[in-house]
Amino acid sequence: MYTKVQLNKEKTMSYHKLPCLTLILIIAATIGFTPVFVAAQTTTLSGRVTDAETGEAMTGANVVVVSPSLTESRGAATDANGNYTISDLPVGQYDVTVTYIGYKTAAASVSMAAGQRRIIDFALSSEAVLGQELVVSISRRVEKILEAPAAVSVISSKDIEARPTLSPADHLQGIPAVDIVSNGINQKNVVVRGFNNIFSGSLLSLIDNRIGRVPSLRLNAHNFYTMTNEDIERIEVVLGPGSALYGPNSAGGVFHIITKSPFGSEGTIVSLGGGERSILMGSVRHAVNINDRIGFKVSAQTYQGNDWESVDLAEPTFIIKGQDSTFSNARNFDVKKIAGEARIDYRVSDDMTVIVNSGFNQATNLEPTGVGWAQADAWKYSYFQGRLLYKNFFAQAFLNQSDAGDSRLLRPNIYSPIVDKSTLSVIQLQHGMELSERQRFTYGVDILSTRPVTEGTINGRNEEDDDIDEFGVYLQSKTALTDKIDFVAAGRYDKHSELEDPVISPRAALVFKPTSKDNFRLTYNRAFSTPSTNNLFLDLVAASQAMPASLAPILGPTLFDVYGRGVPETGFNFQFGTDERAQMVSLYGGALFAAGAIPASNTYLPPDVNSVWPIIRGLTIGGTDDPATQALLDAILPAQLSETVPGLLLVLNTAFDADKPPSADNQPFILPSRAVANVDRIRETTTTTFELGYKGLVSDKFLLTTSVYHTVIEDFVGPLSIETPHVFIDPTAFVTALTGDITPRYVAALMAQGFDQPTAEAVAAGLVPGVPGAAEIATGIATTFGPLPIGLISPQEEQNATDIIVTYRNFADKITLSGAEIGFTYLVNDHWRIGGNYAYVDKNLFKLLDGIADVALNAPKNKYAVKLGYTDAEKGLDVNLRLRFVGSFPVISAVFQGTVESYSLVDLNLGYDIPLGGLGRTRLSVTAQNILDEKHQEFVGAPEIGRLVVARITQWF
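With the working numbering applied, the sequence shown covers 14 to 970.
Following this line, the structure appears as structure tokens:
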């Protein structure tokens, strides 16, 4: 008989086989496709084209051969790994030329003998030409950036090499429309065009076409990525939705890291560095070609440091573990990482390549979540990936795995471990077909299987019913209407196991290229984001508050538990009375049930003090040991209040700071911003964007990019928020009503004891010094019981008095926003370069959606960056100075709410090739983030951060 854990393990293992079987099929396919080479009187020329300075592969370089043996020239373009092959060449003498925009032409002569296979590699030297980078992340095939039908930014390996970082996300600083939040020295939240969040996964992050997020949690933990800085060939960032080709959860754009092939990047690279915050770092990368068909690379890295320190006053000093033991809940600010990966490229034939790679990472650091901060302790992340490239066909299967180690939440007052052994299994197939020079189709299939395994620590009661399966197909057409106008149309169909209906995602783009240096585009995208596993299945205690000891025997041990909950299929439905007020489950329900006043302890009651007055009355009378006082209170306190006294609805204030003076906003409980409303079953979020853009060379030295867009978001899923307010005694209304009830009874009781009526009335009115009057007695009861809630507005799916439900909801009101971005790069001369960008969005706070709650963009309306660069290639010197400005913005992200003040930062990057003779290339790189040490906070709840300087020595062998 299986236990729960065994069942989950069995469930997970069965789906592990999915990508493994696909890898077997890929390998089997290579055998079937492997050509049989027959001796012939022809020859083959092949090789690789790389950048002479960086050694990176050059995709799309033109290789042309001419010879008296040919009636016309022959040629080929290099593939994604920089490889080219020209087959079936007659015997003879050939002149070979290689051209690539922005690089000097290379040439060679070669004599080809019968049956011979010659390999000639070329290393091209760059020229200062802008806008000619090649990208793959927009159309999922190679194209020039000036021809792409979307806004895209590219960070080259040269720029990456110049910046020692602890997270690949640091390379995106200063890119137009990209919002980056630093939660520590290596923890970043990255989005495009806003809607940032704690624990964010809205930006589709890819590494070599593999989804990079943590499985199940859908967290973009960029510090979990396994590649080294030296292994990154380039980074592409697509601005705007991308669902038509990339599927669900690409509505916020695409962040794609592309690593180097072992072919053309042979050798060993060793890097050592360190810096402020006690940072020490090291990495090694080695690549070798076993022969002209098999290449292998392996890399590893490690670093450690001390994070920016911060506190969360909601975190207890000590927590309970086990029945009696307690231990310190102090934060561990030590940051540690160790990672490694390996990859094999096998060129089965001239037009077929099989790639198999795997990686592992283990990290220790603090990480903010929707229910407070978590301590990641030895959290492991690993993956396995296999790819097959054959002409215009691409297939891949990969498996992402997570193991949370000894990680735990920090807010609960009991030990709350995080167990996450979840997996994401994916199979993807894609094929491209050219019907003519003017018509190309791209189509494919995606299959995703998410298998959460949390052993009840995250998904709780949903552990046995939390699998997610997704299936999608897509088709894209690119038509050259004329030599200057392209029309792109795409459509996608997706089915999600937890959504009732399939989702259709269309895309259209019109691209006008009046010259080879100008690109105007008009695009329409409709993309969607599926509910995350947290949206659907979250079930954990985020915080707890014990009952005051004096009341625990009567009301129970728990005052409240804060439960993070996903939305069930039924939604959350509240009980409403005939007066349309939401009903409460009373904290006094057990006592009412014991007294026979209600049929069950969790019976719904009107949210009035009257519902619980009999218990308050009994506790008040029993609160004194003096028989005379008890008798008097029994006589003057009514069995039931004569007036209805509505309760006061208040919600737990997650931003309460006990160290600050009390105020309207700084109280343990505060007025809710909205009325109680049912929470419907969670739905997908749809994002529709219209965009007009331009990218072009105003001159050979001036590159200009602009975008103007309008976005409509439907069924937006808000952050975790409290949906269940408490019901408290309204002191003003209660004291007024109770005083009115006590006064005549007080007078009658005193007269029964022998007081005359005027004296009794004076006592009841509080006019006799030293004797409490009716109002004082009523006020005393209100003061005693006022701080304690009398009930909780609890949904029928829970129906208890202690579980505060923090959950998600879709908003029916549409979110509309418009924005614009502009950027430029100007080459002053061969050494100096100036660049800058500005991004604007017209709204960053959306008030009372559905009349229920505010939603924040969690990003500024205005931000800009200015960059000045100097390069001296002969001396190996690069210097870059950048100014970044981020405007103020409101934050509403689960328990983190408030305002981030604007800040301006200056960053400095320095790179220098140290001339050490015959030791190979040696380079010193220095990155100084926030060099002026401007103390600032980039998100509510994040630490205050200052300057961070890191230096690194890299040696090439």
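Beta carbons are placed, not taken as given, at the ideal position from N, Cα and C, and that holds for glycine.
Everything numeric in this text was worked out from a predicted model, so none of it was measured.
Query - Supposed contact pair residue 737 and residue 807 - C-beta distance, whole angstroms, cut 8 angstroms - result: At roughly 6 angstroms, the Cβ-Cβ gap stays under 8 angstroms, so residue 807 and residue 737 are in contact.
Report task. State buried or exposed for residue 208, treating a residue as buried only when at least 16 other CB atoms are found within 10 Å of its CB. Result -> With 16 or more other Cβ atoms within 10 Å, it is buried.
**Report entry** Spatial distance of residue 185 from residue 121 (CA atoms)
**Finding:** Going by the C-alpha atoms only, they are around 39 angstroms apart.
Report task. Assuming residue 428 contacts residue 333 (C-beta within less than 8 angstroms), just tell me the rounded distance between them. Result -> Confirmed, about 7 angstroms.
Query raised in the report: Once you ignore the five residues that flank residue 550 on each side, which residues in its own chain have a CB closer than 6 angstroms to its CB?
Result: 472, 475, 479, 579, listed in sequence order.
Query raised in the report: Under a three-way DSSP split, which group does residue 948 fall into?
Result: Correct three-state label for residue 948: coil.
Query - Inter-residue spacing [alpha-carbon to alpha-carbon] between residue 783 and residue 776 - result: Separation of residue 783 and residue 776 (C-alpha to C-alpha, rounded to the nearest whole angstrom) is 10 angstroms.
Requested in this report: Could you spell out where the beta strand (DSSP E) holding residue 850 opens and where it closes?
Outcome: For residue 850, the enclosing beta strand (DSSP E) covers residues 845-854.
**Report entry** 6 angstroms Cβ shell around residue 739 - same chain, five flanking residues per side excluded
**Finding:** If we look at residue 739 and ignore the five residues flanking it on each side, its Cβ neighbours are 663, 802, 805.
Query - Complete beta strand (DSSP E) runs within the region 465-499 (minimum length 3 residues, chain order) - result: Counting whole runs of 3 or more residues, the region 465-499 contains the beta strand (DSSP E) stretches 481-493.
Report task. Compare the beta carbon distance of residue 996 and residue 69 with 9 angstroms and say whether it is the shorter of the two. Result -> There is no way to answer for residue 996, as the model of the chain reaches only from 14 to 970.
Requested in this report: Please list the segments of the alpha helix (DSSP H) lying wholly inside the region 594-635, counting only runs of 4 or more residues, in order along the chain.
Outcome: With a minimum length of 4 residues, the unbroken runs of alpha helix (DSSP H) contained wholly in the region 594-635 fall at 602-607, 626-635.
Query raised in the report: Could you give the residue range of the alpha helix (DSSP H) that holds residue 170?
Result: Per DSSP, residue 170 belongs to the alpha helix (DSSP H) from 170-174.
Query raised in the report: Which first and last residues belong to the alpha helix (DSSP H) in which residue 770 is found?
Result: From DSSP, the alpha helix (DSSP H) with residue 770 extends over 770-777.
Query - From 293, 326, 300, 321, residue whose alpha carbon lies closest to that of residue 314 - result: Looking at the Cα atoms, 293 is the closest of the given residues.
**Report entry** Sequence-distant residues of its chain with Cβ nearer than 6 angstroms to residue 951 (five each side left out)
**Finding:** 194, 195.
Query raised in the report: So what does residue 942 bridge to, in DSSP terms?
Result: Note: residue 942 sits in a beta bridge opposite 961.
Requested in this report: Only counting runs of 3 or more residues, tell me where the beta strand (DSSP E) segments fall wholly within the region 352-411, in order along the chain.
Outcome: Within the region 352-411, the complete beta strand (DSSP E) runs of at least 3 residues are 365-382, 385-403.
Query raised in the report: The beta strand (DSSP E) spanning residue 637 covers which residue range?
Result: Premise fails: residue 637 is in no beta strand (DSSP E) and is neither H nor E.
Report task. May I have the straight-line CA-CA distance separating residue 377 from residue 430, to the nearest angstrom? Result -> Each residue's CA atom was taken as its position, placing residue 377 and residue 430 some 15 angstroms apart.
Query raised in the report: Using DSSP with H/G/I as helix, E/B as strand and the rest coil, what is residue 747?
Result: In the three-state reduction of the DSSP assignment, residue 747 falls in the helix class.
Query - Simplified DSSP assignment, three categories, for residue 236 - result: In the three-state DSSP reduction, residue 236 falls in the helix class (H, G or I).
Query raised in the report: residue 927 and residue 918 look like a contact to me (Cβ under 8 angstroms); what is the Cβ gap, rounded to whole Å?
Result: In fact, because the Cβ distance is near 29 angstroms, the residues do not count as touching under 8 angstroms.
**Report entry** Span separating the alpha-carbon of residue 965 from that of residue 464
**Finding:** One C-alpha to the other measures close to 40 angstroms.
Query raised in the report: Since residue 571 contacts residue 815 with CB under 8 angstroms, what's their CB separation in whole angstroms?
Result: That belief holds up - the Cβ atoms of residue 571 and residue 815 are roughly 5 angstroms apart, short of 8 angstroms.
Query raised in the report: Touch check for the region 870-884 and the region 898-906: three-plus C-beta pairs under 8 angstroms?
Result: As far as the Cβ criterion goes, the region 870-884 touches the region 898-906, which means the pair count is three or higher.
Requested in this report: Using a threshold of 9 angstroms, state whether the C-beta atoms of residue 694 and residue 569 are closer than that.
Outcome: No.
Requested in this report: Note the first and the last residue of the continuous alpha helix (DSSP H) segment covering residue 126.
Outcome: Note, residue 126: premise wrong, no alpha helix (DSSP H); not H, not E.
Requested in this report: Label residue 52 either buried or exposed according to how many other C-beta atoms from any shown protein chain fall within 10 Å of its C-beta, with 16 as the threshold for buried.
Outcome: The predicted position of residue 52 is uncertain, since its pLDDT is 38 and thus under 50; no value can be drawn from it.
Report task. For residue 252, I'd like the list of residues in its chain whose CB is within less than 6 angstroms of its CB, leaving aside the five on either flank, ordered along the chain. Result -> Excluding residues within five positions, the ones whose Cβ falls inside 6 angstroms are 164, 190, 205, 266.
Query raised in the report: Cα separation between residue 520 and residue 89?
Result: Straight-line Cα distance between these residues: approximately 31 angstroms.
Query raised in the report: Where do the ends of the alpha helix (DSSP H) carrying residue 566 lie?
Result: First-last of the alpha helix (DSSP H) with residue 566: 565-568.
Query raised in the report: Which residue's Cα is closest to the Cα of residue 960: 970, 969, 945, 953?
Result: Comparing C-alpha distances from residue 960 to each of 970, 969, 945, 953 shows the shortest one belongs to 945.
Requested in this report: Please say whether residue 132 and residue 58 have beta carbons closer to each other than 9 angstroms?
Outcome: Result yes, Cβ atoms of residue 58 and residue 132 sit closer than 9 angstroms.
Query raised in the report: Can you give the beta carbon distance from residue 497 to residue 530, rounded, assuming they're within the 8 angstroms contact cut?
Result: 12 angstroms between Cβ atoms; not a contact.
**Report entry** Nearest-angstrom Cα separation, counted from residue 962 out to residue 96
**Finding:** Pairing residue 96 with residue 962, the inter-Cα distance amounts to about 39 angstroms.
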